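Residue numbers (the numbering used here), protein chains in the order written: chain A, 1121 to 1345; chain B, 62 to 252.
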């Protein structure tokens, strides 16, 4: 097996297998597998907390020909655990002289309806890629991530048809060793529903979730005053 | 006037010690009451993405550790100061761990700010934000990303004033102190 055919999916959500990041990443690597590549998956938050996991993370990254990092936007940026993983990787690769060019692409999603919230995090990933000597292959950026949720994308085909189309196109390009195309990015980032409807449904959803915990009337509490 | 410094640097960083001391000196000159938290020394767990701070125990994280103290002090401050090495243009994981856990400072509800969707305010009191980024050498791309990140944080956390200050290794101390002092004066002007 050629090392370049070996894809590593790193899921950067602390929610792990039940996350939107996992659903999106899973779909992409299943497409890549259908196109003849081999793929493995690791959950970043499971690896970073202990030395053994950290070593495993570094070994997995070194073995891969292409790394796909899928994560949610946290406070305008990458989640802390993902930054930690990138710090480990950067530190480890500093000492390596003959670094093979490995592809690096990301899938990012945020709970806001607009994809532009993700731009800073994408820029950070690009700098990371440059710094560690990876070959930047592009970013798939999604808003309304909360509406995708965990689980299989195929099961909700209608609503996420453009997301699926974007991932299909991205997989095609990546499998050929090319960057993610603009067309793939555009399909992937298309809004599923109007923004006003998303925010209305989102606000109702928060109330519903709070009610489940008996906290509906406390949702606007100011505990530290 | 109360300020909280969230120090997201590592203890072996001599540059950060120097900058930290310069900041304290300027804050004292202008009579700020300062609480500083060296995050590396504190027991703060990772955010689990459960949204418990919005729907289960609103305003408070469900994980009980030192972060509770961090958020309480943030809420009561007039100014929040981040101190961090610039990592790929962003914050260190040490600082970010504390920031991921403070989203209870806003409400889950969506609202529009300048035509873009953000979360509504939980508290009436607002905190200005000054973020100090330490960088080994000049790097335009990283510096621009860092400034963009601080500006985005300020919008999302309702900071009435924000400033990103980049400190390059070995840079003249008076230059940093002047920039920091100017930013403090601007914060004071809107209090």
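Even for Gly, the Cβ is constructed at its ideal location relative to N, Cα and C. Treat the numbers as computed from the prediction; the structure is a model and nothing was measured.
Asked                                                                                                                               : Found
Rounded C-alpha distance that separates residue 137/B from residue 1278/A                                                           : 47 Å
Cβ-based contacts, 7 Å cut-off: residues of the segment 1289 to 1323 of chain A near chain B                                        : 1315, 1319, 1322, 1323
Contacts that residue 130/B makes with chain A (C-beta to C-beta distance below 7 Å)                                                : Those within 7 Å of residue 130/B in chain A number zero; the least Cβ separation is about 10 Å.
Residue 199/B in three-state terms, based on DSSP                                                                                   : coil
Interface residues of chain A facing residue 154/B [CB-CB closer than 7 Å]                                                          : 1200, 1203, 1204, 1207
Chain A contact for residue 143/B (CB, 8 Å cutoff)                                                                                  : no
For residue 1197/A, the residue or residues it bridges with in DSSP                                                                 : 1194/A
Where residue 214/B meets chain A, residues with beta-carbon distance less than 7 Å                                                 : 1195, 1196
Rounded separation between residue 1327/A and residue 1216/A - CA only                                                              : 51 Å
Under the three-state DSSP convention, the category residue 1137/A falls into                                                       : helix
Residue 146/B beta carbon less than 8 Å from that of residue 154/B                                                                  : no
Counted within 10 angstroms of its Cβ, other Cβ atoms place residue 1128/A as buried (16 or more) or exposed                        : buried
Limits of the unbroken beta strand (DSSP E) element including residue 1265/A                                                        : Segment 1265 to 1268 is the alpha helix (DSSP H) holding residue 1265/A; no beta strand (DSSP E) there.
Three-state secondary structure (DSSP) of residue 13/B                                                                              : For residue 13/B there is no data in the structure shown, the boundaries of chain B being 62 and 252.
Same chain, Cβ closer than 8 Å to residue 1307/A, neighbours up to 5 away in sequence not counted                                   : 1282, 1283, 1285, 1286, 1289
Interface residues of the segment 1122 to 1140 of chain A facing chain B [CB-CB below 7 Å]                                          : 1133, 1134, 1135
Reference residue 207/B; option with closest CA among 1177/A, 1244/A, 1274/A                                                        : 1244/A
Min CB distance residue 1232/A to chain B below 8 Å                                                                                 : yes
Chain B contact for residue 1224/A (CB, 8 Å cutoff)                                                                                 : no
Under 8 Å between C-beta atoms of residue 1222/A and residue 1184/A                                                                 : yes
Residue-chain proximity (residue 116/B, chain A), Cβ-Cβ < 8 Å                                                                       : yes
Buried versus exposed call for residue 172/B [16 or more other C-beta atoms within 10 Å across all chains shown]                    : exposed
Length of the line joining the Cα atoms of residue 1165/A and residue 1177/A                                                        : 11 Å
When 238/B, 251/B, 247/B are compared against residue 87/B, the one with the closest alpha-carbon                                   : 238/B
Residue 156/B vs residue 100/B beta-carbon contact at 8 Å                                                                           : yes
Partners in chain A for residue 157/B, counting only beta-carbon separations shorter than 7 Å                                       : 1197, 1200, 1203
Neighbour-count burial assignment, residue 210/B, 16 or more Cβ in a 10 Å radius                                                    : buried
Residue 1306/A, DSSP secondary structure in three states                                                                            : helix
Whole-number beta carbon distance between residue 1149/A and residue 1205/A, since they are thought to touch under 8 Å              : Between residue 1149/A and residue 1205/A the Cβ distance is about 18 Å, and since that is not below 8 Å, they are no contact.
For residue 113/B, the first and last residue of its enclosing alpha helix (DSSP H)                                                 : 113 to 116
Local conformation of residue 137/B per DSSP, three classes                                                                         : coil
Chain-order list of residues whose beta-carbon lies under 8 Å from that of residue 105/B (same chain, five-residue window excluded) : 126, 127, 128, 131, 158, 159, 162
Within chain B, the residues that residue 1251/A reaches when beta carbons sit closer than 7 Å                                      : 149
Interface partners of residue 1341/A on chain C, CB under 7 Å                                                                       : In the displayed structure, chain C is absent; the protein chains listed are A and B.
Counted within 10 angstroms of its Cβ, other Cβ atoms place residue 217/B as buried (16 or more) or exposed                         : buried
Residues bridged to residue 68/B [DSSP beta-bridge criterion]                                                                       : 99/B, 144/B
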